[in-house]
Every structure is written in structure tokens, then in C-alpha cells.
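Letter by letter, the sequence shown follows residues 63 to 345 of my numbering. C-beta atoms are modelled at their ideal positions from N, C-alpha and C, and glycine is treated no differently. The structure under discussion appears below in the form of C-alpha cells.
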Amino acid sequence: MSESQKFLRPLKENEKGFHFVVSDIETVNWTKFQLIGFYDGLKYFSFRTMREYIDFIYRKKNKNDGNLVIYMHNGGKFDFNFVIEALAEKGLRYSLVCIGSRIAQVRVPITKKFSIIFRDSVCILPAKLEKLAKDFNVKSQKLTGNIDFETEQFDLKNPKHLQYAEADHKALFEVLCAYFSQEKIRKSGFALTTASQTMKIFRTHFLKHPVKCTSQDVQDFCREGFFGGRVEIFKREGKGLKYYDVNSLYPFCMKKTLPLEWICGTQNVFDFGFHEEIGRAHV
């Protein structure tokens with residue numbers, strides 16, 4: 063491991079311009095494609111087939127100074143399925159960045175210096191678009207009105223549905239503009255996920271001196287002492303049930319006295335760290 067890899071070092075401010083666009087897909091019954099849009103902050107375009115859309119964004123490479131970054135809200139769980147299928151049909155190469163079961167990014171290399179990059183905005187803003195639009199107080203808030211797509215099918219012949227689709231794009235674009243314009247985010251550089259963005263902010267604005275990183279074998283040893291629970295719903299319906307939820311239960315439990323077992327004592331002030339029962343220490 064090189065010397066630079068052994069320390070978590072502060073980052074310099076990296077305030078570079080960041081250009082992006084947004085897209086969204088409308089379907090019937092989640093599987094039957096109807097429409098995909100494209101909004102760059104100035105103009106809105108819509109396409110009735112994925113082939114037309116892919117051809118359109120492929121041509122955008124001649125008009126863009128950097129990579130073409132396209133955000134899709136919840137793309138990793140929905141929209142990217144259609145995108146990947148369309149890319150495969152056209153024989154275009156692509157690579158994926160996955161976080162758990164979610165696809166966070168799809169990169170389509172076009173030239174050595176240019177790629178079309180699809181990103182899931184849920185990875186940085188994990189909430190419904192309607193709530194985000196209200197939280198960020200953007201002008202183009204979602205025009206939900208009386209449209210409930212849980213019960214009403216998207217109809218290409220319905221002007222209100224088309225208006226709804228366009229408003230979705232504008233709302234997402236304005237939300238992302240508001241998010242990226244925050245000073246600490248802007249000056250630390252933009253990241254793919256909330257966690258990586260948080261680390262960038264920490265290293266840029268709060269980390270003053272390098273912090274030594276432990277080796278991988280020490281990390282593996284320490285992690286043997288960490289245990290957590292899993293919360294999964296195997297039965298999604300029931301009768302005569304009562305539902306409860308407790309906010310912030312985990313930090314509440316952490317405030318309690320932790321269960322422990324006395325192993326041994328020491329007078330050595332440097333003997334601090336993680337121990338096995340036999341007394342071997344790793345620091």
C-alpha cells in the first residue's frame with residue numbers, strides 16, 4: 063500500500079461547473095413504454111420510442127463540452143431497465159455502478175473523452191419528487207392535481223398527462239439545481255451518492271489534517287465485533303393487525319448502557335483498542 067493510501071487527507075476546494083439534464087419515462091402497468099422526456103433547463107423534448115431518444119442524446123455529444131450527465135429520479139429501480147434494453151438493441155457498450163440492488167449509474171462511452179452518463183438522483187435525494195419540490199420550494203412543483211397514476215393509466219392523448227410529464231422534468235431539474243448550488247456541495251465537488259457527497263464535504267471543509275487509515279486486516283478484525291439487525295417484510299398483508307413505528311429507536315438504544323463482559327484490566331495507557339478474548343489487541 064502506498065503512503066498516499068494510508069491516510070485520509072483533506073481535499074482542496076474544487077468548484078467546477080457542472081452541467082446536467084434530466085429525463086423521465088412514463089409507462090402503463092409499469093412495463094408498457096409510453097413516453098420519455100428530455101429537459102436541459104431551457105427546452106423540453108419528448109419521444110414516443112426509446113430508439114428516437116437514444117439517437118437524440120447520441121447526437122448531443124457534438125454540442126457538449128464535457129460528458130452528458132442525465133439524471134433520472136428512481137432510475138436505478140425503474141427507468142434504467144428501459145435504457146439498458148435500448149442500449150443493448152443498438153449494440154452500444156455500457157458499464158454499471160450498482161449500490162446493493164440499485165443501479166446508481168450507467169455509463170455509455172462514446173469517445174475516449176466523452177461519455178453519456180445516466181445517474182439515479184434518488185442516490186443523492188432519497189425522497190419522492192413531489193416532496194423534494196416542496197422541500198426545495200421550486201417553481202415547477204409537480205402538477206399532481208387529481209391525477210393518481212396508481213389507479214389512472216397514462217394516456218398520450220390526454221393533455222393533462224403530457225403536462226404532468228413535462229412538469230416532472232422541470233421540477234426535478236430545479237430541485238437538482240437547488241441541491242448542487244449549496245455552497246459546501248458546490249465547493250467540494252459533486253458525488254454519486256449521499257454518503258460519498260458527505261465524505262467529500264467532510265474532507266474539503268472540516269478535515270484539517272491527514273488521518274491515518276488502518277490496514278485491511280485490522281478493519282476485518284474490528285468488524286467482527288459489530289453486529290446489526292435486519293428488518294424485512296415477508297408478509298405484506300394481514301387481517302386484524304396493528305401497525306406501530308418508533309422514530310429513532312436505534313440511537314435511543316445506543317444511549318443505554320451497553321452490555322459487556324469484563325475480560326481483564328491494564329495499567330498501560332497505550333493499551334487501547336479492540337481485543338480478542340485471549341487478550342490480543344489491535345490498534
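For L191, which residues from the same chain have a beta carbon less than 8 Å from its beta carbon, with the 5 sequence-adjacent residues on both sides left out? H135, K204, D230, A233, L234 and V237
Spatial distance of T206 from Y226 (CA atoms): Confidence is the limiting factor: at T206 the pLDDT is only 47, short of 50, which leaves the residue's position unreliable, though a coordinate-based value still follows. Per the coordinates, the alpha-carbon of T206 lies some 7 Å from the alpha-carbon of Y226.
My parser needs the alpha helix (DSSP H) runs of 4 or more residues fully inside the region 157 to 199; what are they? 191 to 197
With a 10 Å radius around its C-beta and 16 neighbouring C-beta atoms as the bar for buried, classify C160 as buried or exposed. Burial call: exposed.
Within the chosen definition, does the region 69 to 85 reach the region 261 to 281 through at least 3 CB pairs nearer than 8 Å? Result yes; three or more Cβ-Cβ pairs closer than 8 Å.
For the region 163 to 172 and the region 128 to 144, state whether three or more C-beta atom pairs, one from each stretch, are separated by less than 8 Å. Of all C-beta pairs linking the region 163 to 172 to the region 128 to 144, three or more are shorter than 8 Å, placing the two stretches in contact.
Where are the alpha helix (DSSP H) runs, 4 residues long or more, that stay fully inside the region 253 to 340, in chain order? 256 to 263, 278 to 285 and 311 to 316
Rounded to a whole number of angstroms, what is the C-alpha to C-alpha distance between I132 and Q278? One C-alpha to the other measures close to 36 Å.
Is L154 helix, strand or coil by DSSP? coil
Do you know offhand how far R342's Cα is from T255's? Legend: pLDDT at R342 = 49, less than 50; position of this residue unreliable, value from coordinates given subsequently. Whole-angstrom Cα-Cα distance: 37 Å.
Exposed or buried, what is V184 when buried is set at 16 or more other beta-carbons lying within 10 Å of its beta-carbon? buried
Quick test of your reading: A150 and M112, contact by CB under 8 Å. State the CB separation rounded to the nearest angstrom. At roughly 11 Å, the Cβ-Cβ gap does not stay under 8 Å, so A150 and M112 are not in contact.
According to DSSP, is K232 part of a helix, a strand, or is it coil? helix
Quick one: grab the DSSP three-state call for Q225. helix
Does G327 pass the burial test, meaning 16 or more other C-beta atoms within 10 Å, or should it be called exposed? exposed
Mind pulling the beta strand (DSSP E) runs of 3 or more residues that sit fully within the region 85 to 159? Within the region 85 to 159, the runs of beta strand (DSSP E) that reach at least 3 residues and sit entirely inside it are, in chain order, 94 to 101, 106 to 109 and 130 to 134.
What did DSSP end up calling F69 once you bin it into helix, strand or coil? strand
Tell me the residue span of the alpha helix (DSSP H) that contains S250. E245 to S250
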